[in-house]
Amino acid sequence: MALGAGPPIALEFPEMHTFLQGTVGGLLIGGTYALIALGLNIIFGTVRVINFAQGTLLMVGMFMTYWLWALGGVHPYLSPVVTVPLLFGFGYLVQKSLVAPLFARERAREPMSVLLLTLGLALLLENLALLLFAADFKTVQLDISLRTFRVGGIIVSVPRFIGLIAAGVTGAGLYLFFTRTDIGRAIRATGQDREVARLMGIDDFRVYNVSFGLSASLMGIAAAILVPFFYVHPAVGTSFLLKAFVIVVLGGMGSMPGAALGGLIVGVIEGVVGVYVQAAVAQIVLFGLFVGILLVRPTGLLGVERR
Amino acid sequence: MSPPEKIVGWVLGGLVVLAVALIPLLTRWLLPDDNYWIQILIWILFFAYLSASWNLIGGFAGQYSIGHSALIGIGAYTSSLLHINAGLSPWLGMLLGGVVAAAVGGLIGYPCFRLRGAFFSLVTIAFAEMLRVGTELTDTVFGIEVNGVRGLLLPVLGHRPAAFQFVDKRYYYYTMLGMLLVVLAVGSAVKRSRLGYYLAAIGDDEEAVASLGVDPARAKLLAMILSGFFTAIGGTFYAQFILFITPTRTMSLDFSVQMVIMAVLGGMGTVLGPVYGAIILVPIAEITRAFWGGSLQGVHLIINGALLMVVILYWPQGIEGWVRRWAEGLVRRIAARVSPPPVVEAVMAANAPVMVLPEGTLLPTRAISGNGEPLLVVRNLSRQFGGAIGVRDLTLEVRSGEVVGLIGPNGAGKTTVFNLITGYLTPDTGNIWLAGTDLTRLGPHAINQLGVARTFQIVRPFIKLTTLENVMVATLPRVKGVAEARKEAERYLAFVGLSHRANVVAGGLSTGERKRLELARALATRPRLLLLDEATGGVDQRSLPGLVALIQKVRKEGVTLVLIEHNLRVVTMVADRLVMLHLGEKIAEGTPEVVVSDPQVVEIYVGGAGAHR
Chain A
1 MALGAGPPIA LEFPEMHTFL QGTVGGLLIG GTYALIALGL NIIFGTVRVI NFAQGTLLMV
61 GMFMTYWLWA LGGVHPYLSP VVTVPLLFGF GYLVQKSLVA PLFARERARE PMSVLLLTLG
121 LALLLENLAL LLFAADFKTV QLDISLRTFR VGGIIVSVPR FIGLIAAGVT GAGLYLFFTR
181 TDIGRAIRAT GQDREVARLM GIDDFRVYNV SFGLSASLMG IAAAILVPFF YVHPAVGTSF
241 LLKAFVIVVL GGMGSMPGAA LGGLIVGVIE GVVGVYVQAA VAQIVLFGLF VGILLVRPTG
301 LLGVERR
Chain B
308 MSPPEKIVGW VLGGLVVLAV ALIPLLTRWL LPDDNYWIQI LIWILFFAYL SASWNLIGGF
368 AGQYSIGHSA LIGIGAYTSS LLHINAGLSP WLGMLLGGVV AAAVGGLIGY PCFRLRGAFF
428 SLVTIAFAEM LRVGTELTDT VFGIEVNGVR GLLLPVLGHR PAAFQFVDKR YYYYTMLGML
488 LVVLAVGSAV KRSRLGYYLA AIGDDEEAVA SLGVDPARAK LLAMILSGFF TAIGGTFYAQ
548 FILFITPTRT MSLDFSVQMV IMAVLGGMGT VLGPVYGAII LVPIAEITRA FWGGSLQGVH
608 LIINGALLMV VILYWPQGIE GWVRRWAEGL VRRIAARVSP PPVVEAVMAA NAPVMVLPEG
668 TLLPTRAISG NGEPLLVVRN LSRQFGGAIG VRDLTLEVRS GEVVGLIGPN GAGKTTVFNL
728 ITGYLTPDTG NIWLAGTDLT RLGPHAINQL GVARTFQIVR PFIKLTTLEN VMVATLPRVK
788 GVAEARKEAE RYLAFVGLSH RANVVAGGLS TGERKRLELA RALATRPRLL LLDEATGGVD
848 QRSLPGLVAL IQKVRKEGVT LVLIEHNLRV VTMVADRLVM LHLGEKIAEG TPEVVVSDPQ
908 VVEIYVGGAG AHR
């Protein structure tokens, strides 16, 4: 039964309305998921390692954003001016001083121990944050935080909508960076064939450093998007990281368009399953999808097998 | 080790176990109330056990599972639910839980193990988190009370050994000690078995293992099944010890990470490493908990995280090597005192060559024939990478007993051809036959088993194994036992002239020696067809004639050869026939003299440089 001046879609197809609400909600958060997965894929695509500290870097970005707001009154949407360069430097240093030595030592193309190293880094940073900031759920209350608007009866949260736009703009910016700049092209070339890239005069370790920095700095943007409507907590990175894993496998390990597509798909699945059953069940559905993709198409939807 | 050293080693080991077994008696005698201390000792044994179980797949095979807590949860819940609902003794439930976890471990491992490294880590962590969330949300399954996030309280029965419940903690201590000894014994047996050699090699270089006729996915799957079984049994112990299980605790990321860190610190892939890791890290966690307990949680995790990074960066071999060298020194000193080695033997041992085998023993190849039948037939083979062409419409025949040289400039598709023949790549179109058997869709290990061996452009020895062990990985699949595999491997090392380097870790070999080692390894699979990818590439001028002579020696043994070679002088000397590739297509074929004077070939090799200007 529709109440009052209900929207036309809801009047005629209440089921359709629920479905659309779930889809839109999923798309809105999916953009941010895609951004985090992009961060993982920039590193996987070039350095060919998994960064287990990606979620933790997001957490660090969120705390920086939070404190900038709480102590300095900086609006979260302005915080990337500070967080992006800081995180870039941090990521750059992590690769240069921690990951690169492992490459040199193991003489392996894809040293697996990087996975354990970044796991250690994640543990360290996450529990350091727990020690410093306690296990409280911190939230930032802005005048837009709870604001919504309606499109054809679908409720759209304003900060989430802004987030999707911002993620889209960031993605477009990355696309231009990778296709139009020398360093962007160098990163792509190294990802395709590092030996040949090296022969062409590309300093592959510098490319790795920049990739790590770039990937970390993206977490500053993701943090700015999330903080207006998401809690800040030392363990906030883990759930985002796990979703990002699902996304990169779904979209294709190392594929940038794959991360974007996968992020939106995962967001929508989560949104739709969330409105029908409950959000936590969505996680189980996502895992099923994850294993299914690994079995049927391990290269992912848009992944390309490499030489 | 000499026999007296072995005896001393066993006696010392036995004494250590005895001492560990006596600790609870000592604490009872020394302390008025030793419950707390016994509990800590039990945790040390428990984590040593868990970490040793993880090590079977994580350390031995280098497949880092970050979701082993899911298996703990499966064990704890299986035995507890069976106990509460069906009255089944946890002793039996424990085995069932182990079987369930082994099956689940196999199921999540199966899709990942066909892929490389990182996927497995991603899947295990995702699986553990989702199983945890799923259990937290589940109150009943088919009418069985699971009780979601609140967890299960096991009925307290007092001292009931048949139901795996004790009042005196010492019983748990001895139970766990027994379990730990079992898992260590299993680890030690695996390590010395065929599977152990495969796993160690897989940890170094999985693709190279497949080229030796070993199915890496199968070896990893076996290790995962073993690991899952023992991990789940640890879960039952946990449930019976605490008598209260929640998904949040038993399936926690914390448990998973602890297992990893203890094994890494102790020494990954070693039998005893996890024990040392637990001896150090459990007390650290206890101390920080005692000092900063409620107010500052997670201090021990900060330490763990930092330790994990430091150990990976600066001390990747962990504690074990250090303890082992010390223990071996002790054993030697004691053995020398108990029974000094006879002088003559000692001198002989010092001067003995590592192996006395005539070089150039006949290789027992499968098909020693030069009858000119077509052995390898390649028809219309094509393969693209994205939009780029790797190989286009290649047709090729290699007759048995022949030596064919594959030449062409960089990027001509030579290595791609090898990768297609040996199953490292699948062709888009076309077919490959070996003596009438279609190889086109087979995997690398299956193709090797049919008689095709290869070497790699950039040599890929298993750098952590010794030279001899490297070759053993290739002989193990086709002989009865490890001892026989060793004897076989020695023959191949002698053939390539590396006997004197048998016990050197392969990471310490020179490039020329590595090339020889890889050749020995490939030959040890008894190929009918051997593909050599730049057998002389990157080798210094002095080693070159020796390698060329070796290739000719291989040929005399009747092995059919295809070589990729940049050095035209070498290839015209060795090959009967040359095939020239350019941009993925065959542009010339024939005797070396004909091909080398082909105007197109000359144009590409010589004129090509001119075209750049």
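Those protein sequence lines, which keep their order, are chains A and B.
For the first sequence, counting from 1, position 144 maps to 144 in our numbering; every step adds exactly one.
Positions in the second sequence are counted from 1; adding 307 to them yields our numbering.
In this text, a Cβ means the ideal position worked out from N, Cα and C, and glycines have one as well.
No experiment lies behind these values; they were computed from the predicted model shown.
For B/D700, the enclosing beta strand (DSSP E) stretches over residues A695 to R706. Straight-line measurement puts the Cα of B/L414 at about 21 Å from the Cα of A/V281. Think of a sphere of 8 Å around the beta carbon of A/F287: the chain B residues whose beta carbon falls inside it are A433, F434 and M437, in chain order. Secondary structure within the segment 769-837 of chain B: the alpha helix (DSSP H) runs of 4 or more consecutive residues, fully enclosed, are 774-782, 789-803 and 818-830 (chain order).
B/P418 reaches chain A at V291, L294 and L295, counting residues in chain order whose Cβ is nearer than 7 Å.
Taking a Cβ-Cβ threshold of 9 Å, the residues of chain A close to B/N611 are G120, L123, L124 and N127, in chain order. For B/H390, the uninterrupted alpha helix (DSSP H) run begins and ends at S376 to A393, by DSSP. Taking a Cβ-Cβ threshold of 8 Å, the residues of chain A close to B/M616 are L98, L117, G120, L121 and L124, in chain order. Looking only at B/G535, B/H807, B/M531 and B/A634, the smallest Cα-Cα distance to B/W317 is reached by B/A634. Restricted to the segment 862-920 of chain B, the beta strand (DSSP E) segments that are unbroken, complete and at least 3 residues in length are 867-871, 884-889 and 892-897, listed in chain order. By the Cβ test, the segment 841-851 of chain B is not in contact with the segment 776-792 of chain B, since fewer than three Cβ pairs between them sit closer than 8 Å. Non-local beta-carbon contacts of B/L805 in its own chain, meaning distances under 8 Å to residues more than five positions away in sequence, involve T774, E820, R823, L824 and A827 in chain order.
Cβ proximity to chain A below 7 Å picks out G369 and Y371 from the segment 344-371 of chain B. Between B/V866 and the set B/T843, B/T832 and B/G844, the nearest pair of CA atoms involves B/T832. Counting only the Cα atoms, B/Y731 lies some 18 Å from B/F769. Per DSSP, the unbroken beta strand (DSSP E) holding B/R690 starts and ends at P681 to F692. Between the segment 220-230 of chain A and the segment 43-52 of chain A, the count of Cβ pairs shorter than 8 Å is below three; the stretches do not touch.
Taking all protein chains shown into account, B/K721 has 16 or more neighbouring C-beta atoms within 10 Å of its C-beta and is therefore buried. By the Cβ rule, the segment 320-332 of chain B does not count as touching the segment 445-461 of chain B, because fewer than three pairs are nearer than 8 Å. Residues of the segment 711-743 of chain B whose Cβ lies closer than 7 Å to any Cβ of chain A: none. Assignment of B/G718 by DSSP, reduced to helix, strand and coil, places it in the coil class. One finds A433 in chain B with Cβ atoms closer than 7 Å to the Cβ of A/V246, taken in chain order.
One alpha carbon belongs to B/T577, the other to B/H889, and they sit about 48 Å apart. Chain-order list of chain B residues neighbouring A/M256: empty, with the shortest C-beta distance near 14 Å, by a criterion of under 7 Å.
Neighbours of B/L444 in chain A, taken as residues at a C-beta separation under 8 Å, are given in chain order as Q278, A280 and V281. Here the alpha carbons of B/L389 and B/P397 stand approximately 8 Å from one another.
Within chain A, the C-beta atoms nearer than 8 Å to that of B/P623 come from R105 and S113, in chain order. For B/W740, there is no enclosing alpha helix (DSSP H); the enclosing beta strand (DSSP E) has its first and last residue at T736 to L741. Counting along the chain, no alpha helix (DSSP H) covers B/V456, and no H or E run does either. Straight across, the Cα-Cα distance linking B/W599 with B/V516 is about 48 Å.
For B/S689, there are no neighbours in chain A by C-beta distance under 8 Å, as the nearest C-beta there is about 15 Å away. Relative to the Cα of B/R525, the nearest Cα in the group B/V589, B/G750 and B/E627 belongs to B/G750. Any Cβ of chain B closer than 7 Å to the Cβ of A/I284 would place that residue at the interface, and such an atom is present.
For B/I619, a Cβ of chain A is located within less than 7 Å of the residue's own Cβ. Taking 7 Å as the Cβ-Cβ cut-off, the segment 893-908 of chain B has no residue approaching chain A.
Within chain A, the residues placing a beta-carbon under 8 Å from that of B/V606 are N127 and L131, ordered along the chain.
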